[in-house]
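Here the structure is laid out as structure tokens; the discussion comes afterwards.
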DNA sequence: GTCTATATACTGATAGAC
DNA sequence: GTCTATCAGTATATAGAC
């Protein structure tokens, strides 16, 4: 792996583990086993490097989520598969966590990919919920937009509960809770 | 207000706005209009001050939530009143945000009040959901524990969505989404 | 491309005068 | 109780040699 590559991957790791404010150029260089000079040769500074790292994380997430959501199965089955996927629950969501970072929120270049990711995710899920309603699988009483917002929020909030409890079970309970509600509204 | 009081209140404000890692003793002193010496006279350091501040925020939250949940109305009405309460959505949850702070999570003294708050909230809500089921207001198919986890998670995740979008509407959609699902399972 | 030197400001605290 | 002085270490670079 090239030095540039190692810098990007190290930044991704640290942004996930500690966020943006709490990650210093020095931390990144150490993890990447790269010198000060290398980092500033490849990137203009911490901000640009973070942007590249966040973009990559967002793209990967999008691709892996889309793989599940575009897969086989009914609408509810795909949503359920997405929510129940294996996750490193206690590490939290690498994108969602950034919304709590004051320096990320104060930097338009860094918020942009975060905003785009959630906008995409919510509309992708809304489309699937709508599909389920049209197919007669889900009750016509379900509104796709607010329901998909609730689904994504449960996922993001599940991470918060799990971290507060230091136990992935809290995440799983939240997921099972929303799935049970959705399941009860499926048309059998 | 005493200097000590101003230090605590300033810390509460900064922990809410920027979190723990991103808040320095200097920031606190400046906002509190207190000198270095004053801060270290009243508190052993940043950590102790943060603990006092978090405790106070947690207690206030508990009291105000309990006021709504112990109020009049059916189970679903009280849950709905709680979720729809006025909130400074874009500022996020002053307690939930701390779960994303690496230095808070690494300090047992600081995680403790966060963990206690969520444990309390979830069991308080679970009791109300259970009440609704017993009263025949909610479907017997509803499991109080996982449902209350989903409710709290939706709330916490709603803040994440709103901040990502820089729009409180995303929070409201998530809330209306979970309430619609719960409402559909109420026994009319 | 990578390295070392240098720089300004801030972090989180301690020491001791007043 | 509050103030100023001081401190070792870090944050985030820039400069210029190799």
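Chains as they are written, first to last, in UniProt numbering: chain A, 1 to 188; chain B, 1 to 188.
Here a beta-carbon is modelled for each residue, glycine too, at the ideal position from N, C-alpha and C.
Return the CA-CA distance between residue i and residue j, expressed in angstroms with no decimal places.
{"i": "residue 79 of chain A", "j": "residue 128 of chain A", "result": "8 Å"}
{"i": "residue 32 of chain B", "j": "residue 57 of chain B", "result": "17 Å"}
{"i": "residue 156 of chain A", "j": "residue 88 of chain A", "result": "13 Å"}
{"i": "residue 96 of chain B", "j": "residue 160 of chain A", "result": "7 Å"}
{"i": "residue 153 of chain A", "j": "residue 1 of chain A", "result": "36 Å"}
{"i": "residue 142 of chain A", "j": "residue 50 of chain B", "result": "43 Å"}
{"i": "residue 123 of chain B", "j": "residue 151 of chain B", "result": "12 Å"}
{"i": "residue 20 of chain A", "j": "residue 114 of chain A", "result": "13 Å"}
{"i": "residue 118 of chain A", "j": "residue 55 of chain B", "result": "32 Å"}
{"i": "residue 189 of chain B", "j": "residue 59 of chain B", "result": "Residue numbering for chain B in the displayed model covers 1 to 188; residue 189 of chain B lies beyond these limits and cannot be assessed."}
{"i": "residue 81 of chain B", "j": "residue 71 of chain B", "result": "10 Å"}
{"i": "residue 46 of chain A", "j": "residue 25 of chain B", "result": "24 Å"}
{"i": "residue 48 of chain A", "j": "residue 40 of chain A", "result": "10 Å"}
{"i": "residue 116 of chain B", "j": "residue 42 of chain B", "result": "26 Å"}
{"i": "residue 67 of chain B", "j": "residue 9 of chain B", "result": "23 Å"}
{"i": "residue 65 of chain B", "j": "residue 73 of chain A", "result": "41 Å"}
{"i": "residue 112 of chain B", "j": "residue 36 of chain A", "result": "38 Å"}
{"i": "residue 30 of chain A", "j": "residue 30 of chain B", "result": "34 Å"}
Would you check if the distance between the CB atom of residue i and the CB atom of residue j is smaller than 7 Å?
{"i": "residue 201 of chain A", "j": "residue 134 of chain A", "result": "Nothing about residue 201 of chain A can be read from this structure; chain A reaches only from 1 to 188."}
{"i": "residue 137 of chain B", "j": "residue 75 of chain B", "result": "yes"}
{"i": "residue 99 of chain A", "j": "residue 163 of chain B", "result": "yes"}
{"i": "residue 102 of chain A", "j": "residue 22 of chain B", "result": "yes"}
{"i": "residue 183 of chain B", "j": "residue 171 of chain B", "result": "no"}
{"i": "residue 173 of chain A", "j": "residue 149 of chain B", "result": "yes"}
{"i": "residue 38 of chain B", "j": "residue 3 of chain B", "result": "yes"}
{"i": "residue 7 of chain B", "j": "residue 34 of chain B", "result": "yes"}
{"i": "residue 11 of chain A", "j": "residue 63 of chain A", "result": "no"}
Select from the options the residue whose C-alpha is nearest the C-alpha of residue i.
{"i": "residue 181 of chain B", "options": "B:159, B:147, B:82 and B:165", "result": "B:147"}
{"i": "residue 90 of chain A", "options": "A:100, A:65 and A:168", "result": "A:168"}
{"i": "residue 83 of chain A", "options": "A:179, A:106 and A:13", "result": "A:179"}
{"i": "residue 69 of chain B", "options": "B:15, B:93 and B:131", "result": "B:131"}
{"i": "residue 5 of chain A", "options": "A:170, A:72 and A:28", "result": "A:28"}
{"i": "residue 94 of chain A", "options": "A:17, A:115 and A:10", "result": "A:17"}
{"i": "residue 186 of chain B", "options": "B:36, B:42, B:41 and B:77", "result": "B:77"}
{"i": "residue 105 of chain A", "options": "B:67, B:144, B:9 and B:92", "result": "B:92"}
{"i": "residue 145 of chain A", "options": "A:120, A:112 and A:165", "result": "A:120"}
{"i": "residue 61 of chain A", "options": "A:85, A:42 and A:48", "result": "A:85"}
{"i": "residue 110 of chain B", "options": "A:165, A:66, A:67 and A:111", "result": "A:165"}
Quick check on residue i: does DSSP put it in helix, strand or coil?
{"i": "residue 74 of chain B", "result": "coil"}
{"i": "residue 10 of chain B", "result": "helix"}
{"i": "residue 64 of chain A", "result": "helix"}
{"i": "residue 2 of chain A", "result": "coil"}
{"i": "residue 186 of chain B", "result": "strand"}
{"i": "residue 33 of chain B", "result": "coil"}
{"i": "residue 218 of chain A", "result": "Absent from the model: residue 218 of chain A. The displayed extent of chain A is 1 to 188, so no value can be given."}
{"i": "residue 45 of chain B", "result": "coil"}
{"i": "residue 167 of chain A", "result": "coil"}
task = Only counting runs of 4 or more residues, tell me where the alpha helix (DSSP H) segments fall wholly within the region 83-163 of chain A, in order along the chain.
result = 102-105 and 108-134
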